[in-house]
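Undergrad: I am attaching a structure below and will ask some questions about it afterwards.
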Amino acid sequence: RIFTIDPTTAKDLDDALHIKPLPNNQVEIGVHIADVSHFVKPHSHVDKEAAYRATTVYLVDRTVPMLPRPLCEIACSLNENVERLAFSCVWVMNMDGTMAKEDDDN
6 RIFTIDPTTA
16 KDLDDALHIK
26 PLPNNQVEIG
36 VHIADVSHFV
46 KPHSHVDKEA
56 AYRATTVYLV
66 DRTVPMLPRP
76 LCEIACSLNE
86 NVERLAFSCV
96 WVMNMDGTMA
106 KEDDDN
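Below, the structure written as structure tokens:
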């Protein structure tokens, strides 16, 4: 099962998690972060502006995105059933919350 950790009002879904039950009382957990580096070249105008803004700002009446809206809301957004570039970290844990040893992985 994969789900976003962004708020329900977010249009730029840039963070996601997955949890997959495994045999032997273990689970696979993955954290996925949208990879914008394919679209934003180092030292470009977009890169410099994103570095200046540092993050998307959520205000009561509007959002000020770190990146141009077509990029963060469409090209890089981790939408359901759409392949996207992402940085992912995946690991296996025991059901008691401890990390599985490499030879225990399935």
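Using the working numbering, read the sequence shown as starting at 6 and increasing by one per residue.
C-beta atoms are modelled at their ideal positions from N, C-alpha and C, and glycine is treated no differently.
Keep in mind that this is a model prediction, so the values were computed, not measured.
#1: By Cβ distance below 6 Å, which residues in the same chain neighbour valine 62 in space, the five residues on each side in sequence not counted?
#2: Tell me whether the beta-carbon of alanine 21 lies closer than 9 Å to the beta-carbon of valine 41.
#3: Considering only the alpha carbon of each residue, which of Val97, Pro73, Cys81, Met100 lies closest to isoleucine 38?
#4: Based on the DSSP output, what are the partners of valine 32 in its beta bridges?
#5: Quick one: what's got a C-beta closer than 6 Å to alanine 55's C-beta in the same chain, skipping five residues either side?
#6: Closest by CA to aspartate 101, which one among Asn29, Thr14, Leu18, Thr13?
#7: Taking glutamate 78 and lysine 16 to be in contact with their CB atoms under 8 Å, please state how far apart those CB atoms are, rounded to whole angstroms.
#8: May I ask you to report which of helix, strand or coil DSSP gives histidine 48?
#9: Between valine 95 and proline 75, what straight-line distance do the alpha-carbon atoms span, to the nearest angstrom?
#10: Considering isoleucine 7, what are the terminal residues of the beta strand (DSSP E) in which it resides?
TA: In this structure, then:
#1: What you label residue 62 is simply residue 57 of the sequence shown in a count that begins at 1. The answer, listed in chain order, is Val69.
#2: Residue numbering aside, residue 21 sits at position 16 when the sequence shown is read from its first letter. Residue numbering aside, residue 41 sits at position 36 when the sequence shown is read from its first letter. Going by C-beta atoms, alanine 21 is not nearer than 9 Å to valine 41.
#3: Against the sequence shown, residue 38 aligns to sequence position 33. Residue Cys81 is the option with its Cα nearest to isoleucine 38.
#4: For the purposes of this step, residue 32 is taken as residue 27 along the sequence shown, with counting starting at 1. Note: valine 32 sits in a beta bridge opposite Pro26, Met98.
#5: Within the sequence shown, the letter at position 50 stands for residue 55. Excluding sequence neighbours, alanine 55 sits near Met71, Leu72.
#6: Stepping through the sequence shown from its first residue, residue 101 is reached at position 96. Taking only the C-alpha atoms, the option nearest aspartate 101 is Asn29.
#7: What you label residue 78 is simply residue 73 of the sequence shown in a count that begins at 1. What you label residue 16 is simply residue 11 of the sequence shown in a count that begins at 1. Rounded, the Cβ-Cβ distance is 4 Å, consistent with contact.
#8: Indexing the sequence shown from 1 puts residue 48 at position 43. If DSSP states are grouped into helix, strand and coil, histidine 48 belongs with coil.
#9: As a first step, residue 95 must be located in the sequence shown, where it is residue number 90. As a first step, residue 75 must be located in the sequence shown, where it is residue number 70. Cα to Cα, the separation comes out at about 28 Å.
#10: Within the sequence shown, residue 7 is the residue found at index 2, counting from 1. Per DSSP, isoleucine 7 belongs to the beta strand (DSSP E) from 7 to 9.
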